[in-house]
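Enquirer:
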Amino acid sequence: MAAAALKLDETFAALADPTRRAILRRLAKGEASVSELAAPFDMSQPAISKHLKVLERAGLISTGQDAQRRPRKLEPEALVIANDFLIELRTLFESRYAALDAVLEELKTTGATGD
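Its first residue numbered 174, the sequence shown is counted upward by one per residue in the working numbering.
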């Protein structure tokens, strides 16, 4: 499988979990430490760290170095790639629906005239 397809699979797998999506929403506001990211969740810090590893493997976040802190930050490029994929699918489906609409309209027209 191509590297781009694998990366896209990792991105969607990471986005499939509501906890990871919530972490990404928080990081969209700015960098945060593991403890800051863990605060809203009723789970252990090691469990949050596992979620962070999945997000990092997918390229959705990165870890910085700030003195003794290791803040996480959002890396939007993986989201751009996923969005581009979804736009491509949407365009394909919209063209198919437009073709279907044309066929249905033709059927209505020919059905109304009795041809």
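Where is the CB? At the ideal position from N, CA and C, for every residue including glycine.
Note that the coordinates shown come from a computational prediction; the quantities given were computed from them, not determined experimentally.
#1: To the nearest angstrom, report how far apart A272 and E279 are at their CA atoms.
#2: Would you give the residue range spanned by the beta strand (DSSP E) that S235 belongs to?
#3: Just tell me which of H224, V276, A275 and S235 has its CA closest to the CA of A189.
#4: Check this for me: beta carbons of G237 and K226, under 8 Å apart or not?
#5: Given that a residue counts as buried once 16 or more other Cβ atoms are within 10 Å of its Cβ, and exposed if not, what is I221?
Expert: Checking against the coordinates, here is how it stands:
#1: As a working note, residue 272 is residue 99 in the sequence shown. As a working note, residue 279 is residue 106 in the sequence shown. Distance between the alpha carbons of A272 and E279 is about 11 Å.
#2: The residue given as residue 235 occupies position 62 in the sequence shown. Note, S235: beta strand (DSSP E), I234 to T236.
#3: In the sequence shown, residue 189 corresponds to position 16, counting from 1. The shortest C-alpha separation from A189 is found at H224.
#4: Within the sequence shown, the letter at position 64 stands for residue 237. Within the sequence shown, the letter at position 53 stands for residue 226. No; because the gap between Cβ atoms is not below 8 Å, this pair is not in contact.
#5: Numbered from 1 along the sequence shown, position 48 holds the residue referred to as residue 221. I221 should be labelled buried.
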